[in-house]
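Here is the structure we will look at.
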Amino acid sequence: MRPMARSTRRQFIQTATAAASGLALTNCGWTLAEVRATGSKGSKDELFVYTWTSYIDDQLLSEFTAQTGIKVKADIFDSDDVMLNTFQAGKGVNYSIIYPSAYGVERMIELKLLLQLDQSKLIGLDSIKPKFRDPPYDPGNRYSIPISWGTTGLIYNSEKLPTPPEDWDYLWKNKDKLFRRMTLLNDVREVMGAVLRSLGYSYNSKNLKEIERAYQKLEELRPAIRLFTTDAWKEQILAGDIYLAMGYSSDGESVTQENPKLKYVIPRSGTSLWSDNMVIPKTAPNPDGAYAWINYMSQPSVAASVCRRLSFATPNQGAFDQLPLDIRENPTLFPPDEILEKCESIAPVGDAAEIYDNYWTKLTSS
């Protein structure tokens, strides 16, 4: 999901101290305490996590602490480039677990920021669905383990917009009705990619004329856009202040549960197919705690519970099999293959990235 650094709403979550119980995980024959090797850097009983909004809740943190004795503190970013800039500025040294997207993993590998995983310390790799193993952005899962996946689409108020959006061009066709009542993601590659896709181009176009045409089309829409935001749209659409938002499927599922009048749709011309991953930075002060976290999150029962509570799709087959039928058949979380075939993963675009960023600066500063 999501490049381009912008100011971000930061949240801080801290669990209460819990005693190290070393409880055995069911059906695994091992305990999390057992996978914590000696000799790690920094405090072995504290773990700092850097993740996306809504990926962690108090229940998850307290249960992990209860089983490992490791207290967790989580900080939030809203785009890969915000996270990358944090590390490139030398401000990420406290974090032992990061949740970059596929794009972020690829960039972090290029920048030599990641620790190559010792797969002998990892448990549950066989539970990852085949299509999420050996991804092109990280062959052999040498640096990353997938934690979630989803699509980018449109969340709309069906009471205010009785004719549902079917494709990205809906925004332009209905810009008068949507004037200052819609938001787009605070993410250059998602927003530009959606427009490129609506024009029949790739999300990852490097063609300068195609990128320019996408920018020009966005310029037409700019006066009608209330805000570029990754998170603030949720409260606004629930309050009825906006009628439509560009957002991620996991967030779409969450708000539609709160208000059934809200609907999520994947544009028919295609969208981005994203995945988020767990990685360990080279500067991790507690790599052993990081391995414990990855193993905990990879347990099918934990992954299934998190999927139910936090509404994002799991790449863990064992977890998927434990989900209720209504969740497994939920097209927002688990779209049919014919829809996924039209989706693309966001990938680095080389030198064209500067062109994207220049257009984005013009667009968001106007």
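Letter 64 of the sequence shown, counting from 1, is numbered 63 in the numbering used here, and no numbers are missing. From the three backbone atoms N, C-alpha and C, an ideal C-beta is built for every residue, glycine too. No experiment lies behind these values; they were computed from the predicted model shown.
Local conformation of residue i per DSSP, three classes
| i | result |
| --- | --- |
| Arg307 | helix |
| Thr50 | strand |
| Glu328 | coil |
| Arg212 | helix |
| Lys361 | helix |
| Arg179 | coil |
| Glu340 | coil |
| Trp167 | coil |
| Val264 | strand |
| Thr162 | coil |
| Lys72 | strand |
| Gly91 | coil |
| Thr85 | helix |
| Ile279 | coil |
| Ser157 | coil |
For residue j and residue i, believed in contact at Cβ under 8 Å, the rounded distance
| i | j | result |
| --- | --- | --- |
| Leu207 | Ile345 | No, Leu207 and Ile345 are not in contact; Cβ-Cβ is about 18 Å, not under 8 Å. |
| Glu189 | Ser271 | 6 Å |
| Ile279 | Ile96 | 7 Å |
| Val104 | Asp137 | 5 Å |
| Ala88 | Pro134 | With 8 Å as the limit, Ala88 and Pro134 do not qualify as a contact, their Cβ atoms being about 28 Å apart. |
| Ile241 | Thr182 | 6 Å |
Cβ-based burial, residue i [other Cβ within 10 Å; buried from 16]
| i | result |
| --- | --- |
| Asn156 | buried |
| Pro145 | buried |
| Ser204 | buried |
| Ser365 | exposed |
| Gln66 | buried |
| Phe178 | exposed |
| Asp186 | buried |
| Leu367 | Absent from the model: residue 367. The displayed extent of the chain is 0 to 365, so no value can be given. |
| Thr313 | buried |
Separation of residue j from residue i, as counted between CA atoms
| i | j | result |
| --- | --- | --- |
| Cys342 | Asp125 | 26 Å |
| Asn329 | Glu252 | 9 Å |
| Pro266 | Cys306 | 24 Å |
| Ser197 | Ser268 | 6 Å |
| Lys233 | Glu209 | 31 Å |
| Leu114 | Pro259 | 43 Å |
| Val34 | Pro334 | In this predicted model, Val34 has a pLDDT of only 36, less than 50, meaning its place in the structure is not dependable enough to derive any value. |
| Ser78 | Asp175 | 29 Å |
| Asp57 | Gly199 | 43 Å |
| Asp80 | Ser53 | 18 Å |
| Leu367 | Asn294 | The question about residue 367 has no answer, for the chain in this structure spans 0 to 365. |
| Leu261 | Phe319 | 25 Å |
| Gly28 | Ser300 | Any reading at Gly28 must be qualified, since the residue scores a pLDDT of 29, below 50, and its modelled position is unreliable; the value itself is stated next. Approximately 14 Å between the Cα atoms of the pair. |
Residue j beta carbon less than 8 Å from that of residue i
| i | j | result |
| --- | --- | --- |
| Leu237 | Leu153 | no |
| Tyr214 | Tyr358 | yes |
| Asn315 | Ser297 | yes |
| Phe47 | Gly149 | no |
| Leu226 | Val194 | no |
| Leu220 | Trp167 | no |
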